[in-house]
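Here the structure is laid out as structure tokens; the discussion comes afterwards.
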Amino acid sequence: MKKNVLVSIILVFVLSMVLIGCGNKEMATGSKESTKKNENYSEQTSGPLTINPKIPDLDVLDKGPNGEKAVSAKSLQLTEEELQKIKDGKYKAAIVMHYSGTDYMNAAVGAMKDTFKKMGIEVIAVTDAQFKAEKQVNDIETVLAKKPDIMISVPVDAVSTAPAYKKAVAQGVKLVFMDGAAKGLSPGKDYISIVSGDNYGNGALAADIMAEKIGKKGKVGIVYHDVNFFVTKNRSDAFEARIKEKYPDIEIVAKGGITDPNKGEEVASAMLTRHRDIDGIFAPWDVPAEGVMSAARNAGREDLVVTTVDLGTNVAISIASDGIVKGLGAQLPYDQGVAQAILSGYALLGKEAPAYVASPAIKVTKENVLDSWKLIYGTDAPPTVKNAMK
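Under UniProt numbering, the first residue of the sequence shown is numbered 1, with each subsequent residue one higher.
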């Protein structure tokens, strides 16, 4: 009997050790997955805070809304001592976006959150205006009731949202704008800075790629963003200017405006109906470009050349597979998000900041789409993009 009891005790002990071992293995696996981050994000808590040093040193063509010369985002820095002062302040931040859900926006907002975490700043709100000015005004007023110290925002419409941003300024909120400022607000007085990609440079790159792919002659159309939105206007203006200045044998035969990013297909379909011999169409960013792709397929125009700005998953798949989208100019959303958070720190410290900060335009074609994804997002391209290369 004693022998049987002893054997039972030993069996229970062994089983317990096995279960504990399995539990530790599962915990370790879960921990590994939960700490897997964008490679541009580091858990390092010492040393200065900067953006990714691997960003290439390229000229920036863009200028700010008031003609300001762009300063490279790589010049921004918070020292270890400055970071500690910010942490001691226990500040709160709100992120008030124009829209969300794309690869670009996920990267940008993720970068802000990552960087604010390093700075010891609590993010109390992240909003999505769904590209509607009236909703963004409501979002700002709702956020102001939570009394943030910092607000990072992209105005949907520079004019109609301006009164709401002025309320934020009157409340003492430190404003950092992404891509463009609200009308009537001044840098260094009402807001700290604007951070953007080189939108003019990206539009010019899209024109160069278009010209290359259609043999530097032919007919093209432009789908433009028909709202008072600084960055998308810069892209379309740059595309048109580059075509006219550099490619005399390319004719711009059609231009169509959208106010809803999901209307790209409708506008492009009309272009393809009116101009059956059109060779290419430019769209101001990847979401309307997807609509242009659909319009081309529906019209039996798989030979149409589309170029755009911003590297999203669907346009990346098209580029990788020699599809309708042949290339684009890309921003660096993660690093721009880091720069916006750093500039928030400048504001809290009373540190002088440049009025307009930009990251360089990145040319993306099939030859470098996978490497570009890694540079832009800090992670490997999704399997769907990788598989498209095959």
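Where is the CB? At the ideal position from N, CA and C, for every residue including glycine.
In this text, all values refer to a predicted model and were calculated from it rather than measured experimentally.
Figure out for me which residue from Val96, Ser372, Val306 has the closest Cα to the Cα of Lys146.
-> Val96
Reference Ala355, options Leu343, Ile317, Leu58, closest by Cα | Leu343
Span separating the alpha-carbon of Ala206 from that of Lys87 = 42 Å
Mind the definition here: the region 362-382 touches the region 323-335 only if three or more C-beta pairs lie below 8 Å; say whether that holds.
-> yes
Nearest-angstrom Cα distance between Lys135 and Met112?
-> 22 Å
Would you kindly check if the distance between the Cβ of Ala320 and the Cβ of Val369 is under 8 Å?
-> yes
In three-state terms, what does DSSP make of Tyr334?
-> helix
Within the same chain, show all residues whose beta-carbon is closer than 8 Å to that of Gly47, passing over the 5 residues directly before and after it, in chain order.
-> Glu80
Can you give me the Cβ contacts of Ile192 inside the same chain, cut-off strictly under 8 Å, excluding the 5 residues immediately before and after it?
-> Lys174, Leu175, Val176, Leu343, Ser344, Tyr346, Ala347, Ala353
Please determine if the region 199-218 and the region 160-170 are in contact, where contact requires at least 3 C-beta pairs separated by less than 8 Å.
-> no
Determine the contact status of Pro155 and Ala125, defining contact as a CB-CB distance below 8 Å.
-> no
Which full runs of the alpha helix (DSSP H) of 4+ residues lie inside the region 284-335, going along the chain?
-> 286-298, 313-320
Span of the beta strand (DSSP E) around Gly350 | Run containing Gly350: none; DSSP gives neither H nor E here.
Tell me which same chain residues have a C-beta within less than 7 Å of the C-beta of Gly23, skipping the five on either side of it?
-> Confidence is the limiting factor: at Gly23 the pLDDT is only 37, short of 50, which leaves the residue's position unreliable, though a coordinate-based value still follows. So no residue of the chain qualifies.
For the region 215-235 and the region 270-278, state whether three or more C-beta atom pairs, one from each stretch, are separated by less than 8 Å.
-> yes
With a threshold of 16 other CB atoms inside 10 Å of the CB of Asp335, please say whether the residue is buried or exposed.
-> buried
Tell me whether the beta-carbon of Val385 lies closer than 8 Å to the beta-carbon of Ile317.
-> yes
Could you say which of Pro56, Gly280, Asp128 lies nearest to Lys255 if we only look at CA atoms?
-> Gly280
Beta-carbon proximity of Ser268 to Gly291, cut-off 8 Å | Note that residue 268 is Ala in the sequence shown, not Ser. Yes, they are a contact pair.
What residues match up with Ile192 in a beta bridge as DSSP calls it?
-> Note: Ile192 sits in no beta bridge, so no partner.
Pro56 (DSSP reduced to helix, strand or coil) = coil
Cβ of Ala358 within 8 Å of Cβ of Asp198?
-> yes
Rounded straight-line distance, which links the Cα of Asp237 to that of Lys189 | 29 Å
Quick one: grab the DSSP three-state call for Glu68.
-> coil
Contact set for Lys32: own chain, Cβ-Cβ below 8 Å, skip 5 residues either direction = Note on Lys32: pLDDT 29, under 50, position unreliable in the model; the coordinate value appears next. Once the five neighbours on either side are set aside, Lys32 has no close Cβ partner at all.
Reducing DSSP to helix, strand and coil, say where Ala254 ends up.
-> strand
Cut-off 8 Å between Cβ atoms - residues of its own chain near Ile376, not counting five sequence neighbours on either side = Ala107, Leu311, Ala330, Gln331, Leu332, Pro333, Tyr334, Ile362
On the premise that Gly201 lies in contact with Leu61, defined as a C-beta separation below 8 Å, what is that separation, rounded to the nearest angstrom?
-> 4 Å
Taking the beta strand (DSSP E) that Tyr224 falls in, what are its first and last residues?
-> 218-225
Separation of Pro360 from Asn52, as counted between CA atoms = 13 Å
For my contact list, Lys63 and Ala70 are in at a C-beta cut-off of 8 Å; report their separation, rounded to the angstrom.
-> 7 Å
Residue environment, Ala295, which counts as buried when at least 16 other CB atoms sit within 10 Å | buried
First through last residue of the alpha helix (DSSP H) which encompasses residue 391 = Since the first residue shown for the chain is 1 and the last is 390, residue 391 is missing from the structure and cannot be characterised.
Could you round the C-beta distance between Ile252 and His225 to whole angstroms and report it? I think they count as a contact, below 8 Å.
-> Wrong, their Cβ atoms sit about 16 Å apart, outside the cutoff.
So, is Pro248 buried or exposed, given that buried needs 16 or more other C-beta atoms within 10 angstroms?
-> exposed
Could you tell me the distance, in whole angstroms, from the CA atom of Phe105 to the CA atom of Ile250?
-> Per the sequence presented here, residue 105 reads as Met, with Phe not at that position. Cα-Cα distance, rounded: 33 Å.
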